[in-house]
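Written out below as structure tokens is the structure these notes cover.
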Amino acid sequence: MENRTRNGSRRRMYLKMVSSSLIRRASRLIIAVLAIAIGATILSGLVTIYYDIPAQLGREFRSYGANLIVLPRGDAKITREVLDDLRGLIGTEKIVGMAPYRYQTVKINEQPYIIAGTDLAQAEKNSPFWYIEGSWGNAEDTSSVMVGHEIAQTLNINIGDTFTVQGVRYGQMAEASRQDLSAEENQKRDLGAQNFSMKLSVKGIVTTGGAEEGFIFADIDMLDDLIGDTFRADVVECSVVADAAELSALSSRIERDIPALQPRAVRRLTQSQDIVLGKLQALVLLVTVVVLIITMISVYTTMMAMVAERRREIALKKALGAESKLVMGELLGEGVLLGFIGGALGVFLGFEFAQRVSLNVFGRAINFQWALIPVTIAVFITITVLASIIPVRKVMDIHPAIVLKGE
Amino acid sequence: MSSKILELKNVSKIYGNLKALADINLSVNAGDWLSIMGPSGSGKTTMINIIGCMDTPSTGSVILDGVDISRENAGSLTRIRRDKIGLIFQQFHLISYLTAVENVMVAQYYHSMPDEEEAMEALAKVGLADRARHLPAQLSGGEQQRVCIARALINSPQILLGDEPTGNLDEENEGIVVDIFRRLHDEGVTIIIVTHDPEVGDVAQRKIILEHGKVVGDIDQSATFGEALKLKGKGE
Ligand SMILES: Nc1ncnc2c1ncn2[C@@H]1O[C@H](COP(=O)(O)OP(=O)(O)OP(=O)(O)O)[C@@H](O)[C@H]1O
Ligand SMILES: [Mg+2]
Chain A
1491 MENRTRNGSR RRMYLKMVSS SLIRRASRLI IAVLAIAIGA TILSGLVTIY
1541 YDIPAQLGRE FRSYGANLIV LPRGDAKITR EVLDDLRGLI GTEKIVGMAP
1591 YRYQTVKINE QPYIIAGTDL AQAEKNSPFW YIEGSWGNAE DTSSVMVGHE
1641 IAQTLNINIG DTFTVQGVRY GQMAEASRQD LSAEENQKRD LGAQNFSMKL
1691 SVKGIVTTGG AEEGFIFADI DMLDDLIGDT FRADVVECSV VADAAELSAL
1741 SSRIERDIPA LQPRAVRRLT QSQDIVLGKL QALVLLVTVV VLIITMISVY
1791 TTMMAMVAER RREIALKKAL GAESKLVMGE LLGEGVLLGF IGGALGVFLG
1841 FEFAQRVSLN VFGRAINFQW ALIPVTIAVF ITITVLASII PVRKVMDIHP
1891 AIVLKGE
Chain B
73 MSSKILELKN VSKIYGNLKA LADINLSVNA GDWLSIMGPS GSGKTTMINI
123 IGCMDTPSTG SVILDGVDIS RENAGSLTRI RRDKIGLIFQ QFHLISYLTA
173 VENVMVAQYY HSMPDEEEAM EALAKVGLAD RARHLPAQLS GGEQQRVCIA
223 RALINSPQIL LGDEPTGNLD EENEGIVVDI FRRLHDEGVT IIIVTHDPEV
273 GDVAQRKIIL EHGKVVGDID QSATFGEALK LKGKGE
């Protein structure tokens, strides 16, 4: 009992000495706290970004187009039910874009072309790098479509121009144009019940440098109506937030759970994404280590200066009968408190810093990681203690008789 | 009643080829009040440091309260110092970020356990009860030195040691401090004080004069330092 009150009052005195030293010498310590706080700011900021980079850049990388192509197995097509199953399996939160495509041959001026019916809004999300002259079509104005650059040149059409597509309705046999009839008569034949014809206007011209330039892009529902069929997609292009490993796991799951589908990951894209991510994370890690070392050095020099500055006080304590260990414990206690204050300040400043970086670079807000509070504080307490060990050991070399005598 | 509390036997302290203390023999009884005088460099501080367990002699032995401290290691010297010695310095040496009472409590803390009530009583004894919550910077030199005396006495040491305790004080504060010594002496505290000031030295019951590390005068209360120095001069 007596022992406990004794320890209690000793502990109180210890805390009193340590805290008074910091509070009443605050002006001397601002630099040290600042050094630690800046270190902690950069550290917690970078760690936040480090953990957010895959998510951030993952989405960023999705601007390079679909990374998962899903085909039907065999001759079947992809129905809307299967498409919904696929969406559910991938998870809407992971999907940046998911565009089903139905390819349909049509005739324009008796020449064959291909209309790609798709969900234009989703296709746009999948293909942010497409260069569009004019604008993307949308589901509201279905007679406005986009044409590939190549087609626009061949047909010599421009934005706002109209053209007519013709073709055979779904399930009907096409009748070949007859050589013995005039073009006019042939056209009339094409307008029979088994055929369709529709006037479309050009809303946008697609330039990609690839095969897309040879297609007409239209709303898939409009196309289905036009040819008189229900939803049947030839392929689904997906842009999914995932790295190579996650993507291949996802592919396996699709193969297992939806036998009607045949997923193909776009390897080249996901692999380069992983490489860039890996390099970025390594860079962040490196910077973090450098910041920790710099913080340690500045804490080390601050503590060195502090021990030198307080030689008399240390000598006095020893003259009063304090063992070196006790005095070292007090200085380390101050170090712990400094690390705590600097670390705590840094966590919040660091989040602010990460938030700004994220908003400016990625245009997206990040979530505050509560776990970062104890981790950063613990890291910076450890760092200040480590950096203080050598300075604090100087206490052992301070001889009270030499320091305390004379001016 | 007059038991021997301290005895120096053939104590020398040698720095290179300099004998800071040369073959000192001295014995002090409990309750004695000693003042040590002598010119600068005569070895006064060296002697105080050895008695105060802050330094060890090169040769000879120092018996403090029956224990030879001359061959102890630093760790046990620290322990003996904290239990048996109360130190006062010319420059006060208070901890700047602690209040008067906290400064006294620091000595308790390193000795055994801090006790604020006791520390307040000690401050009251040196007339500082109302200044207990002030920081050293808010106290006058005399007040600071009184805090130091309270701190030196808080653990009831066997000997109170002071190296020029009034050296930085004006006459008025010097008087206050000397009065405190006088009272402590009446209470039976053993006091050893180094001083340059004959007025302070003469109050002591016994006076030691050091020169070139040797005791050249050891006189009782009947003579003043002035007389002692004259006597010594005639003797030579
Ligand atoms: N650590 C040391 N190393 C070398 N010489 C020392 C050391 N300490 C003291 N001395 C020398 O020992 C001699 C006695 O020194 P000391 O400090 O005891 O003198 P003092 O009587 O206290 O003088 P003052 O009145 O000026 O304080 C001096 O010549 C001093 O130069
Ligand atoms: Mg001296």
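Residue numbers (the working numbering), protein chains in the order written: chain A, 1491 to 1897; chain B, 73 to 308. For every residue, glycine included, the Cβ atom is placed at its ideal position computed from N, Cα and C.
Using a Cβ-Cβ cut-off of 7 Å (strictly less than) and excluding sequence neighbours within five positions of residue i, which residues of its own chain qualify?
{"i": "residue 145 of chain B", "result": "none"}
{"i": "residue 77 of chain B", "result": "100, 101, 102, 137, 230, 231 and 262"}
{"i": "residue 179 of chain B", "result": "223, 226 and 227"}
{"i": "residue 1592 of chain A", "result": "1607, 1710, 1713, 1722, 1723 and 1724"}
{"i": "residue 1843 of chain A", "result": "1531 and 1535"}
{"i": "residue 1614 of chain A", "result": "1626"}
Going by DSSP, which residues form a beta bridge with residue i?
{"i": "residue 1729 of chain A", "result": "A:1587"}
{"i": "residue 1602 of chain A", "result": "A:1597"}
{"i": "residue 1705 of chain A", "result": "A:1604"}
{"i": "residue 1636 of chain A", "result": "A:1694 and A:1707"}
{"i": "residue 1688 of chain A", "result": "A:1655"}
{"i": "residue 287 of chain B", "result": "B:282"}
{"i": "residue 171 of chain B", "result": "DSSP lists no partner for residue 171 of chain B."}
{"i": "residue 1624 of chain A", "result": "A:1694"}
{"i": "residue 76 of chain B", "result": "B:101"}
{"i": "residue 292 of chain B", "result": "B:278"}
{"i": "residue 265 of chain B", "result": "B:107 and B:234"}
{"i": "residue 1592 of chain A", "result": "A:1607"}
{"i": "residue 1717 of chain A", "result": "None, per the DSSP bridge assignment."}
{"i": "residue 1568 of chain A", "result": "A:1723"}
Can a CB atom of chain A be found closer than 7 Å to the CB of residue i?
{"i": "residue 128 of chain B", "result": "no"}
{"i": "residue 154 of chain B", "result": "yes"}
{"i": "residue 119 of chain B", "result": "no"}
{"i": "residue 172 of chain B", "result": "no"}
{"i": "residue 161 of chain B", "result": "yes"}
{"i": "residue 289 of chain B", "result": "no"}
So with CB distances below 7 Å, who are the chain A contacts of residue i?
{"i": "residue 181 of chain B", "result": "1500 and 1503"}
In chain A, which residues lie with their C-beta within 9 Å of the C-beta of residue i?
{"i": "residue 178 of chain B", "result": "1503, 1507, 1806, 1807, 1810 and 1812"}
{"i": "residue 190 of chain B", "result": "Simply none; closest approach about 11 Å."}
Excluding sequence positions up to five away, which residues of its chain have a Cβ less than 6 Å from the Cβ of residue i?
{"i": "residue 308 of chain B", "result": "Because the pLDDT of residue 308 of chain B is 40, which lies under 50, any placement of that residue in the model is unreliable, and the question is left without a value."}
{"i": "residue 1761 of chain A", "result": "1734"}
{"i": "residue 1705 of chain A", "result": "1604, 1606 and 1638"}
{"i": "residue 1570 of chain A", "result": "1721"}
{"i": "residue 73 of chain B", "result": "For residue 73 of chain B, the predicted structure reports a pLDDT of 48, less than 50, and the residue's modelled location is therefore unreliable. A value from the coordinates is still provided. Excluding positions up to five away in sequence, the list is empty."}
{"i": "residue 1532 of chain A", "result": "1781"}
{"i": "residue 114 of chain B", "result": "282 and 283"}
When the cut-off is 7 Å and only beta carbons count, does residue i lie next to chain B?
{"i": "residue 1891 of chain A", "result": "yes"}
{"i": "residue 1895 of chain A", "result": "yes"}
{"i": "residue 1848 of chain A", "result": "no"}
{"i": "residue 1511 of chain A", "result": "yes"}
Which residues in the same chain as residue i place their Cβ atom closer than 8 Å to its Cβ, once the five residues preceding and following it in sequence are excluded?
{"i": "residue 217 of chain B", "result": "160, 164, 237, 238, 240, 241, 245 and 249"}
{"i": "residue 1890 of chain A", "result": "1805, 1806, 1808 and 1809"}
{"i": "residue 139 of chain B", "result": "152"}
{"i": "residue 1566 of chain A", "result": "1750"}
{"i": "residue 306 of chain B", "result": "With a pLDDT of only 49 at residue 306 of chain B, under 50, the local geometry of the prediction cannot be trusted, and the value read off the model is given with reservation. Closer than 8 Å at Cβ, skipping near neighbours: no residue."}
{"i": "residue 272 of chain B", "result": "107, 238, 246, 250 and 265"}
Which residues of chain B have a Cβ atom closer than 9 Å to the Cβ of residue i, listed in chain order?
{"i": "residue 1515 of chain A", "result": "168 and 169"}
List, in chain order, every chain A residue whose beta-carbon is nearer than 8 Å to that of residue i.
{"i": "residue 150 of chain B", "result": "1808, 1811, 1812 and 1813"}
List, in chain order, every chain B residue whose beta-carbon is nearer than 7 Å to that of residue i.
{"i": "residue 1803 of chain A", "result": "167"}
{"i": "residue 1496 of chain A", "result": "185"}
CB of residue i to nearest heavy atom of ligand 4: below 6 Å?
{"i": "residue 116 of chain B", "result": "Among the ligands modelled here, namely ligand 1 and ligand 2, ligand 4 does not occur."}
Can you find a C-beta in chain C that's less than 7 Å from the C-beta of residue i?
{"i": "residue 1514 of chain A", "result": "Absent from the structure is chain C; the protein chains it does hold are A and B."}
Report the neighbours of residue i on chain B: residues whose CB is nearer than 8 Å to its CB, in chain order.
{"i": "residue 1816 of chain A", "result": "182"}
Legend entry - In chain order, each alpha helix (DSSP H) run of at least 4 residues that lies wholly inside the stretch 202-246 of chain B: 213-225
Legend entry - 3-residue-minimum beta strand (DSSP E) runs that sit fully inside the stretch 1751-1831 of chain A, ordered along the chain: As summarised for the stretch 1751-1831 of chain A, the continuous beta strand (DSSP E) elements at least 3 residues long and confined to that stretch are 1751-1755, given in chain order.
Legend entry - Those runs of the alpha helix (DSSP H) which lie wholly inside the stretch 1498-1564 of chain A and span at least 4 residues: 1516-1551
Legend entry - Residue ranges of each alpha helix (DSSP H) within the stretch 80-167 of chain B, 4 or longer: 116-123 and 146-156
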